[in-house]
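Chains as they are written, first to last, in the numbering used here: chain W, 1 to 281; chain E, 1001 to 1281.
Number of protein chains: 2
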Amino acid sequence: MRYKDWFYEQQTENQRIGFRIKETIYSGYSKYQKIDVYETEEQGRMLTLDDLIMVSEKFEFVYHEMLTHIPLCVHTNPEKVLVIGGGDGGTVREILKHDEVKKAVLCEIDKEVIDKSKEYLPFTSSQLDNPKVDIRIQDGFKYLKDNKSKFDIILVDSTDPVGEGAKLFEKDFYQLCHDALSEDGMLVFQSESPFLHKDLIKDVFHQRLEQLFDISSLYLSFIPDYPMGMWSFGVGSKKYHPKNDLITEKADKIAKNTRYYNKDIHKACFALPNFVKELVD
Amino acid sequence: MRYKDWFYEQQTENQRIGFRIKETIYSGYSKYQKIDVYETEEQGRMLTLDDLIMVSEKFEFVYHEMLTHIPLCVHTNPEKVLVIGGGDGGTVREILKHDEVKKAVLCEIDKEVIDKSKEYLPFTSSQLDNPKVDIRIQDGFKYLKDNKSKFDIILVDSTDPVGEGAKLFEKDFYQLCHDALSEDGMLVFQSESPFLHKDLIKDVFHQRLEQLFDISSLYLSFIPDYPMGMWSFGVGSKKYHPKNDLITEKADKIAKNTRYYNKDIHKACFALPNFVKELVD
């Protein structure tokens, strides 16, 4: 919500964070959601969907690096990568740092997010016109159904589990992701904050991941753009262990071109505090 | 600041976080600062000093465990531990989980913080009347000067480097801490957020720690009570390496009685993202 020259994100009913706005760059509604782009005093450009912060210019690198490089530094040959959601382009930008990627499909339901990102968020959308990128404006369910056993890695770069985004936390969706992966494929998705969404994480882990994949895991990252600063990512994998099978040379190479990710972080992010361990043990 | 039934912490000039308040439990001024205790809807009881959040009932465990157990699970025989600041008592509570501690001195300049914590924050102040605890209402500088080579571990549980708290980030103070430690002593202090206080961390690390101690290090923790959710702790040590010399049996024993800390977290918290590594390399 806006109040005078501040934008407030309502993180829970009883908690909100506010940023002073220099200028509202864009404000409008797509078929699916409210889209705003602000120029903030503190975090640079900021994209919000339905008044929830998706990316800030200053801190988006953390989320995009941590979603992408964990699986891509583990899989021995990730040639085909699918991103579901992620219309701002930050995840695709990180994927293309890996030379072995031949094709990155971005399946985003809301064309407006892509268009506004191209127009106003050059720092995330910089690679969306790269010839390796195939943009599909389509519902993720439909695309997954039509593309069985196709992808080495699927990254679910979704919004919170409300509205249109809620479907991406349902069991059917994980089944479709599983089936769209090749036989050594890996799925990684953002799975909210353990400080706030304990039941969701438990459910997703035990009712989805563990039932569908040989290897399932959870890792954590500091993400200042999202509530509580601690964010989790779920992994479902058919062959590679997301921590133990780290290819150190790949991590070292990528870490020359990152601001957050490196091989120490890769190993460390799987260490879970007691209260998080309880959710997945 | 208060606005209607919300308390806002001004995290920077252009960023603030707000919590809905059920009730203001206490509000007053000590000789040193403004002290407030709120009953919040989301985080339970909350103590603020000069309108900055010090502890919340829901999340204080993270900060207090991570400040305390890292050094205490590394030092082979931490009999005497000094806390500077920390009047809420949370750090002392964690220290006393270690049976080998014979004496915990709490040196807090502001008696009001201790009194109000005893009255309104039973969850942190629960051990302040333990016979092992020696409370000194005194300036930390003075106490350190009078107690050379006395302590196995010193924990600096300070406020932010503004007002009275600023002195605790000056070189003189680190020298005094160094001199008050026994020959295998360890110093740990909260050192703000790498997302916000880069110059402070650089300075403290290179101009204080590295010059005074044989071993210096930085570790990180998710701390939802503090700005950006990522917090750092500095370590100066005369003998033990804070990561490599972890005594696993101690960590395992303590982790039966913690909600955040465990041996995996102990090792992982020293992994630094690239942008933090740059500050201390």
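Each residue gets a CB set at the ideal place from its N, CA and C atoms; glycine is no exception.
Only a predicted model underlies this, so the values are computations on that prediction, with no experimental measurement involved.
Looking at the backbone, the Cα of residue 1093/E and that of residue 263/W are separated by about 35 angstroms.
For the pair of segments examined, the region 156–171 of chain W was found not to touch the region 121–132 of chain W: the number of CB pairs separated by less than 8 angstroms stays below three. Secondary structure note for residue 12/W: it is in no alpha helix (DSSP H), and the uninterrupted beta strand (DSSP E) holding it is 6–12. A distance below 6 angstroms between beta-carbons, with the five flanking residues on each side excluded, links residue 1135/E to the following residues of its chain, in chain order: 1106. Your pair residue 1116/E and residue 1035/E checks out as a contact, with CB atoms roughly 6 angstroms apart and the cut at 8 angstroms.
Around the beta carbon of residue 1023/E, fewer than 16 other beta carbons sit within 10 angstroms, so the residue counts as exposed. Here residue 1260/E is buried, its C-beta having at least 16 other C-beta atoms within 10 Å. In the three-state DSSP reduction, residue 196/W falls in the coil class, being neither helix nor strand. Using beta-carbon distances, residue 1/W does not count as an interface residue toward chain E, since no partner is under 9 angstroms. With fewer than 16 other beta carbons inside 10 angstroms of its own, residue 1145/E counts as exposed.
Distance from the CA atom of residue 1075/E to the CA atom of residue 31/W, rounded to whole angstroms, is 60 angstroms.
When Cβ pairs closer than 8 angstroms are counted between the two stretches, the region 1012–1022 of chain E is seen not to touch the region 241–249 of chain W, the count staying below three.
Relative to residue 131/W, the option among 65/W, 257/W, 59/W and 104/W whose CA is nearest is 104/W. Non-local C-beta neighbours of residue 239/W in its own chain, meaning closer than 6 angstroms and more than five positions away in sequence, comprise 184, ordered along the chain.
The continuous alpha helix (DSSP H) containing residue 175/W extends over residues 171–180. Within the model, the alpha-carbon separation for residue 243/W versus residue 141/W is close to 29 angstroms. Using a C-beta cut-off of 8 angstroms, the region 1215–1232 of chain E makes contact with the region 1274–1281 of chain E, since at least three inter-stretch Cβ pairs fall below that distance. Secondary structure within the region 97–163 of chain W: the beta strand (DSSP E) runs of 3 or more consecutive residues, fully enclosed, are 103–108, 133–137 and 151–157 (chain order).
Beta-carbon to beta-carbon, residue 1072/E and residue 1109/E are separated by about 24 angstroms, too far to satisfy the 8 angstroms threshold. Cα atoms of residue 1099/E and residue 1181/E: separation of roughly 20 angstroms, rounded to the nearest angstrom.
Between residue 1064/E and residue 1090/E, the C-beta spacing is below 9 angstroms. Residues of chain E whose Cβ lies closer than 8 angstroms to the Cβ of residue 273/W are, in chain order, 1062, 1222, 1259, 1260, 1261, 1262 and 1265.
Among the residues facing chain W, residue 1170/E is not included, as its CB has no counterpart in that chain under 9 angstroms away. Burial is judged here by how many other beta carbons sit within 10 angstroms of a residue's own beta carbon; residue 1068/E has at least 16 and is buried. In the structure shown, residue 1066/E adopts helical secondary structure according to DSSP, grouped into three states.
For residue 12/W, the C-beta contacts it makes with chain E under 7 angstroms involve 1042, in order along the chain.
Per DSSP, residue 91/W is one residue of the alpha helix (DSSP H) stretching across 90–95.
At a Cβ-Cβ threshold of 9 angstroms, residue 218/W and residue 270/W count as neighbours. A distance below 6 angstroms between beta-carbons, with the five flanking residues on each side excluded, links residue 1082/E to the following residues of its chain, in chain order: 1105, 1151 and 1154. The beta carbon of residue 1190/E does not come within 9 angstroms of any beta carbon belonging to chain W, so the residue lies off that interface.
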